[in-house]
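In terms of UniProt numbering, the sequence shown opens at residue 1 and continues consecutively.
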Amino acid sequence: MGAFPRRYGSLWLYVIIIIIIVITTAGRAVWGSNVCTSRGASTCKQCLAVHPSCAWCVQEDFGHGIVSSSRCDLKRNLEASGCAASSIESPHSKLQVMEDRPLSSKAAGATQDVTQIRPQRLHVTLRPDDAKRFVVKVRQVEDYPVDLYYLMDLSYSMNDDLFRLRTLGRGLAEAMNRTTSNLRMGFGAFVDKPLSPYMYISPQEAVNNPCFSINTTCLPQFGYKHVLSLTEEVARFTEEVKKQMVSRNRDAPEGGFDAIIQAAACTVSSHSRSSPTGANHPQVLITHSRSSPTGANHPQPLITHSRSSPTAANHPQVLITHSRSSPTAANHPQVLITHSRSSPTAANHPQVLITHSRSSPTAANHPQVLITHSRSSPTAANRPLITFSGRSV
């Protein structure tokens, strides 16, 4: 009985030793290979595309008399196999800085001379699957020109809020003037596509007056119209906004994105500064949504930047919304204007909050406007905080 376990244990010992030998042999076979020889590349182009460390030997007599040799291998292996260094093709990726002007601190002089990104020009030559790292520094200069385009939804559901929105332009201009002294404002409006099924086509009177069925008068439906080119005269901007009247379309959605694209593309009509570094070009989109049939209007503005230039640093976003907790509750408009930058060295991030609150249905409106700048870096620029508040009775 005692001999069997000893013989059994010896058998298992032999099995374990054999397994270790097999694993070691297989491991050496795997570890001895490299990615360059494992793909079977037959041309220089194929070889250099395998991995950035691979090289190709163009020597005509390379491999003669050698049983296993590959022209595609690591450079050191090719040299060890007898390939002359002058016959080895192994290009390296290169990064060259072509233009590297220092960053500007303030928008003084011509805007094309302002530098907000560094370096300005690079020349990069890369092998397939290779990478080169470089550092990009971005700084939004102080007092940089801003061309602000105001894009308003004039559908009938905005009628109740049109009066408030008429007063928003001046407040927005005052807020932006604290950020830049070179501000221009333009204005456009939109409803929806003037064709069926988006518009009223029956009766005939509804074509020229979409509000015919509700016994009132409003503008004929339109898709997008450019009202005021960019101007430094805020009073003229406010005057044009006050002239606006609502129209009416059939369904709840409006053609806001069509209007955004047209306003962004029509730089000639809006008189935007032609240089890509001439100014920031935010768009303010004011529209609405309804969360329920009994809920109040919820206008929502969006400010967006579209810039083809890498110096288009600021990405302001503006949200203007109304919320109502119940059908009898008062309007609670909220306006948020914010800038976001991915870089910790990014420029000012102005945030504007305009809100109305009512503690009860009979309470007075309590508009609040918060304008703030924030910077993630301790060395960032000034962070002005401006607060406006008011009460209407």
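Don't be surprised by glycine CBs; every beta carbon is placed ideally from N, CA and C.
Residues TYR224, GLY255, ALA259 of the same chain have their beta carbon placed closer than 6 Å to that of PHE190, with the five preceding and five following residues left out of the count. In this structure the region 195-209 touches the region 245-252; the number of beta carbon pairs closer than 8 Å is three or more. DSSP places THR238 outside any beta strand (DSSP E); the residue lies instead in the alpha helix (DSSP H), whose first and last residues are 234-242. A distance below 6 Å between beta-carbons, with the five flanking residues on each side excluded, links GLY169 to the following residues of its chain, in chain order: PHE237, THR238, VAL241.
Taken through DSSP and simplified to helix, strand or coil, GLY186 comes out as strand. Secondary structure in the region 150-211: the alpha helix (DSSP H) runs of 4 residues or longer, each lying completely within the stretch, are 162-177, 205-208 in chain order. Beyond the five residues adjoining it in sequence on each side, SER213 comes within less than 7 Å, by CB distance, of ALA206 in the same chain, given in chain order. The three-state reading of DSSP puts ASP61 in coil, since its state is none of H, G, I, E or B. In this structure MET158 is buried. Its beta-carbon is surrounded by 16 or more other beta-carbon atoms within 10 angstroms. In the three-state reduction of the DSSP assignment, ASP130 falls in the coil class.
Beta-bridge annotation (DSSP): ASP147 is paired with ARG184. The C-alpha of LEU74 lies about 14 Å from the C-alpha of GLN46. In the structure shown, SER38 falls within a helical segment according to DSSP collapsed to helix, strand and coil. Short of 7 Å from the beta carbon of LYS132, and not among the five residues preceding or following it, lie these beta carbons of its own chain, in chain order: SER93, LEU95, VAL124, LEU126. By the Cβ neighbour-count rule, ASP147 is buried, with 16 or more other Cβ atoms within 10 Å of its own.
By the Cβ-count criterion, ASN215 is exposed, with fewer than 16 other Cβ atoms from all chains shown falling within 10 Å of its own Cβ. Taking C-beta separations shorter than 6 Å and ignoring five residues to either side along the sequence, the partners of GLY186 in its chain run TYR149, LEU228, SER229, LEU230, SER270, following chain order. For the pair ALA173 and LEU183, the CB atoms are nearer than the 8 Å cut-off. Here ASN280 is buried: its Cβ has 16 or more other Cβ atoms, across all protein chains shown, within 10 Å.
For ALA55, the three-state secondary structure derived from DSSP is strand.
When rounded, the separation of the alpha-carbon atoms in CYS36 and ILE19 is 30 Å. Assignment of ARG118 by DSSP, reduced to helix, strand and coil, places it in the strand class.
Taking the Cα positions, PHE62 is about 10 Å away from GLU79.
Sequence-distant partners of PRO128 (beyond 5 residues in either direction) whose C-beta falls short of 8 Å from its own C-beta, in its chain, are LEU48, ALA49, PRO52.
Exposed is the label assigned to TYR14, since fewer than 16 other Cβ atoms lie within 10 Å of its Cβ.
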